[in-house]
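Basically our numbering = 1-based index in the sequence shown + 1.
Take a look at the structure below.
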Amino acid sequence: MPPAKVRINQATVKRLGVFPPVDRDLQRRAYRVQAMAQGRGPVRSGEYVRSIGVKRAPGKLGGWRVEATARHSWWVERGTRPHVIRPRVKKALFWPGAAHPVGKVNHPGTKATHNLAEALELAARGNTNV
C-alpha cells in the first residue's frame, strides 16, 4: 500500500483564527490561562497578579494574548542577576527595620517565576490545580 499523503492548506489554517467558533474557543482557553497565572503568581503587593489580563492579539489572523502589564512583570517572569542598589535622590537608603541608613545594598538577585509559561502549560494539559 502506498504511503498516505497529507497536504495542509496553510491559507485555511490561518483563517481558522477568525472563524467565530474557533475564536470563542481560543478566548475561553486564554481566560483559563489567565486564571491559572493569577492563581499561581507571586502576591507580594498584588500588582503583578492584578495586571495579568487577556487581550485580542494584533493582526488579521485573530487569536488572544495573555500578558502581565505591571511595570515589574519582566523581572518577575525572568528574574534578575545580583546587582547593587544605590540611592537615586537622597544620599542614603533607609527602610523600616534597618539599623541605619546605607549608601548601597548588594541585592542577591531574584529567581525567575516563569509564571505565564507554566500557566499556559498547565492549562494546555487540562490541569486545573492552582
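Here a beta-carbon is modelled for each residue, glycine too, at the ideal position from N, C-alpha and C.
Keep in mind it's a predicted model, so treat the numbers as computed, not measured.
6 Å CB neighbourhood of residue i in its chain, flanking five on each side removed
{"i": "Val-77", "result": "Tyr-49, Thr-114"}
{"i": "Phe-95", "result": "Pro-102"}
CB-CB length for residue i against residue j, believed under 8 Å
{"i": "Arg-41", "j": "Ala-120", "result": "6 Å"}
{"i": "Ala-124", "j": "Val-34", "result": "5 Å"}
{"i": "Val-19", "j": "Gly-63", "result": "4 Å"}
Secondary structure of residue i, DSSP reduced to three states
{"i": "Leu-123", "result": "helix"}
{"i": "Asn-107", "result": "strand"}
{"i": "Ala-69", "result": "strand"}
{"i": "Lys-61", "result": "coil"}
{"i": "Lys-91", "result": "coil"}
{"i": "Lys-112", "result": "coil"}
{"i": "Lys-15", "result": "helix"}
Residues sharing a beta bridge with residue i, DSSP
{"i": "Trp-75", "result": "Answer is none; Trp-75 lacks a bridge partner."}
{"i": "Val-85", "result": "Asn-107"}
{"i": "Gly-40", "result": "In DSSP, Gly-40 forms no bridge with anything."}
Residue-chain proximity (residue i, chain B), Cβ-Cβ < 9 Å
{"i": "Ala-120", "result": "The displayed structure is made up of one protein chain only, and chain B is not part of it."}
C-beta atoms of residue i and residue j nearer than 9 Å
{"i": "Ala-36", "j": "Trp-65", "result": "no"}
{"i": "Gly-54", "j": "Ala-69", "result": "yes"}
{"i": "Val-102", "j": "Lys-92", "result": "One point to set straight first is that residue 102 is Pro, not Val, in the sequence displayed. In contact: Pro-102 and Lys-92 (Cβ atoms closer than 9 Å)."}
Cutoff 8 Å; reference residue i; Cβ partners in own chain excluding five residues on either side
{"i": "Val-85", "result": "Lys-105, Val-106, Asn-107, His-108"}
{"i": "Val-44", "result": "Val-50"}
{"i": "His-73", "result": "Glu-48, Tyr-49"}
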